[in-house]
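Residue numbers (the working numbering): 10 to 689.
Taking it in order: structure first as structure tokens, then the write-up.
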Amino acid sequence: MIPAKIEPISIAPIREKAMESIIDWFDQHKQSFYILGWVYLRSQQQMEELFYRSIIKVHKEFPRYNRETSFETRVTSIFVQTCQELSKDGSLQAPDEPRQDLFKAIDRLNEEEKGAMALTYIKGIPREEAAHLVNVSEEKLKEHLFSGIQSLKKGLGYGQSLNGCKEYHKDYMDYLERNLDRPEKVDFEIHIYHCQNCQEDLGAFQEVLLTMVNFTERIGDIYLPSDFMQKIKARLAEREKHRQLKNKKQIRIGIAFASIFALLISIEVLTGYFTNFYYSYTEEDQQLRGFLRQGMGEVLNLEAESDGVKITIKSAIADDVQTLVFYEIEDTAEDSQYMIDVNDGVSVENRLEFLSNDSYQRNYPPDLESDANNQKKNIYRGKISLLPLRENKGTIKLKISKLQKLMRDSSLLNTINPSMNMEKAGEWKFNFPVTKQPSAEYALDKEIKVEGIPVRFDKLTIAPTATILQFNITNDQPKKRIEALNIDHLEVNNKKVKADTYGSIFSSGNMDSTTFQAQYDPLFGKKPKEVIVQLESAILTVEDRKTIELDASHKYPQTFEYAGSTISIDKYETGQPTRIVISNHEIKNRAYESLQFDIMGEDTMEIVNDGVLVDKNGKEYNPNEIIGYEQKDHPRYFDTVQKIELNSNSAEENVTPKMLEIHGYNTTKYLDDIVKISLE
10 MIPAKIEPIS IAPIREKAME SIIDWFDQHK QSFYILGWVY LRSQQQMEEL FYRSIIKVHK
70 EFPRYNRETS FETRVTSIFV QTCQELSKDG SLQAPDEPRQ DLFKAIDRLN EEEKGAMALT
130 YIKGIPREEA AHLVNVSEEK LKEHLFSGIQ SLKKGLGYGQ SLNGCKEYHK DYMDYLERNL
190 DRPEKVDFEI HIYHCQNCQE DLGAFQEVLL TMVNFTERIG DIYLPSDFMQ KIKARLAERE
250 KHRQLKNKKQ IRIGIAFASI FALLISIEVL TGYFTNFYYS YTEEDQQLRG FLRQGMGEVL
310 NLEAESDGVK ITIKSAIADD VQTLVFYEIE DTAEDSQYMI DVNDGVSVEN RLEFLSNDSY
370 QRNYPPDLES DANNQKKNIY RGKISLLPLR ENKGTIKLKI SKLQKLMRDS SLLNTINPSM
430 NMEKAGEWKF NFPVTKQPSA EYALDKEIKV EGIPVRFDKL TIAPTATILQ FNITNDQPKK
490 RIEALNIDHL EVNNKKVKAD TYGSIFSSGN MDSTTFQAQY DPLFGKKPKE VIVQLESAIL
550 TVEDRKTIEL DASHKYPQTF EYAGSTISID KYETGQPTRI VISNHEIKNR AYESLQFDIM
610 GEDTMEIVND GVLVDKNGKE YNPNEIIGYE QKDHPRYFDT VQKIELNSNS AEENVTPKML
670 EIHGYNTTKY LDDIVKISLE
């Protein structure tokens, strides 16, 4: 522990090192900040002053910086504030230099529109962070962006009027930025296909956004002097020289010890810190970048190559839920993309020693839609989930012997033949250290009733890689039980986290009382005061018994009534096998999705079901089409035809069942309940 009297002396060299790192960071990001500066300022003299003042302010705040806010976001906030100060500073008003057309159009925006457009489309900051920077809600920021694009349309010669359907105006930006959920995206594309006015509106919006994107990419069109940063560094060096001369008389003999101590700190801590600090803000994977910014992992970048394929382990994040390993695979010989299947060709050689068996491995499917995985045909970035660590620290010995080739063309899925090589064999080995990050658990103790059945929320676990909600269902009703309760999202500290589509909901318990654990996206931030649970649906089993007599001598089809529906027995043919076909094609307002039944007197029974997917709004889908389940709005599968084959153990004896006995049915109940649970 450092004595208190030494601490004020030892901080100085560390702050000097921080100044060097901040200058280097600005040097690496100078182009994007240079363009942002020209949004507000009009002369080279102002631009140099802008960078000079911003670096000093960032350095001044550096000791107070915490990782609750990203470093780039904080720097951008300081930079924009300085831009606004200089734009109003009459002492630095130099003759205006020639302006690009885009900047001329931006000059005519109001302050709210200008800030929103500059941060979102010129600096490229996500809307959530941009809204935080300008101190407005994300929805308000979206309004400023919409009106800003409208104004830019006029300034760039595309006109200002909107002729498209007003109810779709809000979707223009989200569609172009790929922020629409799949159901909304499909609906929007269907509408656009038939609406000429909306097509023209969308085209104009796209032209404006492309103009801004292309402008930022053509950085050479803006004159960034080659000695720009050298001038600023020289000014900062001169400032530091004067500061040292001024403070020279205050230096004491203890500075020698402090300098040696600071040097050791720089070697042992700062070098690693700033390396990790740098990569945490340049990492392309958004989720991994979030972990690194929060200091929950370290950059590894371990490489291994086999048969022309290179795997890079980028980082590993561990907690009580799982150990997430982020990787990149590059095919150096061909334009192929490969992924790691955690269940095939992956082994942890010291699994029994370091990994816990109290959890289970999650499976993450390939991410084929992210921008990172669509930039190059031979590079894929993904993640795998390993079991959590037994102890707080450990070294994982990971061996990969097989990779799976990704197929992007869905038309090939039905034409794959055995001769096509869909796997890549090799040997890639890695040893890397992992430190388990702490998790927080909060007791909930909140009980509600769903369909009259008690549901108790027991515990909320907030871990770095996942949020886990534990709840219990007590099925105490004789005729109805909840098999599963689906929760759309949680809201904690005004942040919504969606259910992890591929994170399992697993259970433990007995027939009457079952405990579930549902997984959601990670939460970062302060200690929660309240958790809001938005229920989505409950899958129910309803007991409703009915017996129907079967007689092969009767003519079929025959019908019977059950649960408010008319069900048809289309066929009853005895033989070896005996075939029975049951159907109900009327699904509107149908009480059940599938029946639970037995046919009395059979030896063995096989059932083939045909059906249809129906979403929450009543829209039907063919379940055999290759359409992602997540594209549909909470779909249900309705059985429409059930083809039953009955076989006898005796080859010479026909099966002649006499009774169809229905025990009950399964159905889904959509919910809109909101449960608020205080954690204080």
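Ideal Cβ placement from N, Cα and C applies to all residues, glycine included.
Computed from a predicted model, the values in this text were never measured in an experiment.
Just reading off the alpha helix (DSSP H) that residue i is part of, what are its end residues?
{"i": "residue 299", "result": "295-302"}
{"i": "residue 120", "result": "120-126"}
{"i": "residue 114", "result": "110-116"}
So who's on the other strand from residue i, going by DSSP bridges?
{"i": "residue 673", "result": "552 and 605"}
{"i": "residue 406", "result": "440"}
{"i": "residue 463", "result": "458"}
{"i": "residue 668", "result": "558 and 609"}
{"i": "residue 452", "result": "468"}
{"i": "residue 500", "result": "505 and 541"}
{"i": "residue 730", "result": "Residue 730 is absent from the structure shown; the chain starts at 10 and stops at 689."}
{"i": "residue 649", "result": "For residue 649, which the question treats as bridged, DSSP gives no partner whatsoever."}
{"i": "residue 757", "result": "Here the chain covers residues 10 to 689 and nothing more, so residue 757 does not appear."}
{"i": "residue 67", "result": "Answer by DSSP bridge pairing: none, since residue 67 is not bridged."}
{"i": "residue 624", "result": "Residue 624 pairs with nothing; no bridge assigned."}
Would you call the CB atoms of residue i and residue j closer than 9 Å?
{"i": "residue 529", "j": "residue 476", "result": "yes"}
{"i": "residue 435", "j": "residue 414", "result": "no"}
{"i": "residue 616", "j": "residue 669", "result": "no"}
{"i": "residue 457", "j": "residue 500", "result": "no"}
{"i": "residue 472", "j": "residue 329", "result": "yes"}
{"i": "residue 618", "j": "residue 651", "result": "yes"}
{"i": "residue 56", "j": "residue 237", "result": "yes"}
{"i": "residue 375", "j": "residue 331", "result": "no"}
{"i": "residue 349", "j": "residue 390", "result": "no"}
{"i": "residue 506", "j": "residue 481", "result": "no"}
{"i": "residue 322", "j": "residue 307", "result": "no"}
{"i": "residue 124", "j": "residue 142", "result": "yes"}
{"i": "residue 654", "j": "residue 554", "result": "no"}
{"i": "residue 2", "j": "residue 300", "result": "Since the displayed the chain opens at 10 and closes at 689, residue 2 lies outside it and no answer follows."}
{"i": "residue 363", "j": "residue 317", "result": "no"}
{"i": "residue 65", "j": "residue 35", "result": "no"}
{"i": "residue 662", "j": "residue 585", "result": "yes"}
{"i": "residue 678", "j": "residue 562", "result": "no"}
{"i": "residue 327", "j": "residue 443", "result": "yes"}
{"i": "residue 357", "j": "residue 408", "result": "yes"}
When you compare only the Cα positions, how much space is there between residue i and residue j?
{"i": "residue 496", "j": "residue 373", "result": "20 Å"}
{"i": "residue 523", "j": "residue 543", "result": "20 Å"}
{"i": "residue 185", "j": "residue 213", "result": "11 Å"}
{"i": "residue 62", "j": "residue 244", "result": "11 Å"}
{"i": "residue 130", "j": "residue 165", "result": "16 Å"}
{"i": "residue 427", "j": "residue 591", "result": "With a pLDDT of only 41 at residue 427, under the threshold of 50, the placement of this residue in the model should not be trusted, and no figure is reported."}
{"i": "residue 144", "j": "residue 351", "result": "43 Å"}
{"i": "residue 283", "j": "residue 30", "result": "Any answer about residue 283 is weak, because its pLDDT of 45 lies below 50 and its placement is not dependable; what the coordinates show is given next. Cα-Cα distance, rounded: 7 Å."}
{"i": "residue 422", "j": "residue 377", "result": "Model confidence at residue 422 stands at a pLDDT of 43, short of 50, so the residue's coordinates are unreliable; what they give is reported in the following sentence. Approximately 15 Å, taken between the alpha carbons."}
{"i": "residue 645", "j": "residue 596", "result": "11 Å"}
{"i": "residue 3", "j": "residue 58", "result": "The question about residue 3 has no answer, for the chain in this structure spans 10 to 689."}
{"i": "residue 370", "j": "residue 684", "result": "30 Å"}
{"i": "residue 47", "j": "residue 122", "result": "15 Å"}
{"i": "residue 181", "j": "residue 394", "result": "36 Å"}
{"i": "residue 451", "j": "residue 536", "result": "10 Å"}
{"i": "residue 319", "j": "residue 343", "result": "12 Å"}
{"i": "residue 277", "j": "residue 38", "result": "Below a pLDDT of 50, predicted positions are generally treated as unreliable, and residue 277, at 42, falls in that range; no measurement from the model is reported."}
{"i": "residue 526", "j": "residue 42", "result": "45 Å"}
{"i": "residue 297", "j": "residue 305", "result": "10 Å"}
{"i": "residue 441", "j": "residue 135", "result": "32 Å"}
{"i": "residue 210", "j": "residue 384", "result": "28 Å"}
{"i": "residue 68", "j": "residue 406", "result": "41 Å"}
{"i": "residue 271", "j": "residue 33", "result": "Because the pLDDT at residue 271 is just 46, under 50, the model does not fix this residue reliably, and the point stays unresolved."}
{"i": "residue 52", "j": "residue 120", "result": "19 Å"}
{"i": "residue 632", "j": "residue 191", "result": "17 Å"}
Does the beta carbon of residue i come closer than 9 Å to any beta carbon on chain C?
{"i": "residue 653", "result": "Here chain C cannot be found, since the structure has a single protein chain."}
Mind checking which residues open and close the beta strand (DSSP E) that includes residue i?
{"i": "residue 529", "result": "522-529"}
{"i": "residue 158", "result": "Counting along the chain, residue 158 falls outside any beta strand (DSSP E), though it belongs to the alpha helix (DSSP H) covering 147-164."}
{"i": "residue 391", "result": "388-395"}
{"i": "residue 84", "result": "Premise fails: residue 84 lies in the alpha helix (DSSP H), 80-96, not in any beta strand (DSSP E)."}
{"i": "residue 684", "result": "683-687"}
Compute the beta-carbon to beta-carbon distance between residue i and residue j, rounded to the nearest angstrom, for a pair I have assumed lies under 8 Å.
{"i": "residue 548", "j": "residue 604", "result": "About 15 Å; that fails the 8 Å criterion."}
{"i": "residue 559", "j": "residue 667", "result": "6 Å"}
{"i": "residue 111", "j": "residue 220", "result": "6 Å"}
{"i": "residue 347", "j": "residue 340", "result": "7 Å"}
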